[in-house]
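Visitor: Using the UniProt record's numbering, you'd call the opening residue of the sequence shown number 1 and step up by one each time.
Got a structure for you, questions after.
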Amino acid sequence: MERLQKVIARAGIASRRKAEQLILQGKVKVNGKVVTELGVKVSPRDKVEVDGIPVEKEEPVYYLFYKPRGVISSVKDDKGRKVVTDFFKDVDKRIYPIGRLDYDTSGILLLTNDGDFANLLMHPRYEIEKVYIAKVKKIPTFKQLKQLEKGIMLEDGMTAPAKVKMLSHNKQKQTAIIEIRIHEGRNRQVRRMFEAIGCNVMKLKRERYAFLDLKGLNPGEYRELTPHEVKQLRALALSGGGK
1 MERLQKVIAR AGIASRRKAE QLILQGKVKV NGKVVTELGV KVSPRDKVEV
51 DGIPVEKEEP VYYLFYKPRG VISSVKDDKG RKVVTDFFKD VDKRIYPIGR
101 LDYDTSGILL LTNDGDFANL LMHPRYEIEK VYIAKVKKIP TFKQLKQLEK
151 GIMLEDGMTA PAKVKMLSHN KQKQTAIIEI RIHEGRNRQV RRMFEAIGCN
201 VMKLKRERYA FLDLKGLNPG EYRELTPHEV KQLRALALSG GGK
């Protein structure tokens, strides 16, 4: 017997957190009856439906995607904008992104249909190191860079310590290229951190996710993660994100 939300997540329909929301919203049926409690357990013999569609276990798939700027990190958009799954037309599994990258941010994004895997990588306790390259307007001072490293007070609390390195700067244009490594995954976090020290982000790219990089990919392209990479990511998350 397994918890209902876990069964839904393993079927590739949604992450476990999203599956819990679907249950609470009354969108899940077990053997024809609506279930709205999170503690319910089901067996392989039980018939589970989400929004009237039977839940069938899919083979898990894992992709590394080079998200271009101007693309939504979602499976659909009510404004009709391009979403990440538009680039996976030849994939017949119900995949979704693990976490998100802002509309104007490019770089590494992982997609899967494995809810447990997605939940593991997104869990605040297991946050994995992500490396961003930011082009900012205004050259930050040494003191400001140290502020970013120690933590910045944002409206949703203090950020965790980061690793920051200025790669280059242009005095004439008053711009700088900065590498920043963080373990958290708050909404628009890197942009907000730079804004807090008076530097607006002109361009932002996520270059690394744990040990993964964009080598061999152009914007809009993807590749499957190898079984070894998936295993490494699980191990890294469970060991505390490599912090």
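We put the CB at the ideal spot given by N, CA and C, even for glycine.
Identify which residue in Leu22, Gly107, Leu24, Lys79 has its Cα closest to the Cα of Leu204.
Guide: Gly107
Visitor: In whole angstroms, what separates the C-alpha of Gly52 from that of Leu212?
Guide: 38 Å
Visitor: When the distance is taken between beta carbons, is Val48 closer than 9 Å to Ile95?
Guide: In this structure, the beta-carbon distance from Ile95 to Val48 does not fall below 9 Å.
Visitor: When you compare only the Cα positions, how much space is there between Asp104 and Val40?
Guide: 40 Å
Visitor: Would you mind giving the Cβ-Cβ distance between Lys27 and Val50, rounded to the nearest angstrom? I have them listed as a contact below 8 Å.
Guide: 6 Å
Visitor: Taking the continuous beta strand (DSSP E) assigned at Asn200, which residues delimit it?
Guide: 200–209
Visitor: Relative to the C-alpha of Ala210, which candidate in Asp86, Asp77, Ser239, Arg192 has its C-alpha closest?
Guide: Ser239
Visitor: Starting from the C-beta of Arg191, find all residues in its chain whose C-beta is less than 6 Å away, skip the five residues before and the five after it, and write them out in chain order.
Guide: Val201
Visitor: So what does Glu222 bridge to, in DSSP terms?
Guide: In the sequence on display, residue 222 carries Tyr and not Glu. In the DSSP output, where bridge partners are listed per residue, Tyr222 has Phe65.
Visitor: According to the neighbour-count rule (16 or more other Cβ atoms, all chains shown, within 10 Å of its Cβ), is Pro54 buried or exposed?
Guide: exposed
Visitor: If we ignore side chains and look at the alpha-carbon of each, how far apart do Pro227 and Val136 end up?
Guide: Here the alpha carbon of Pro227 sits roughly 37 Å from the alpha carbon of Val136.
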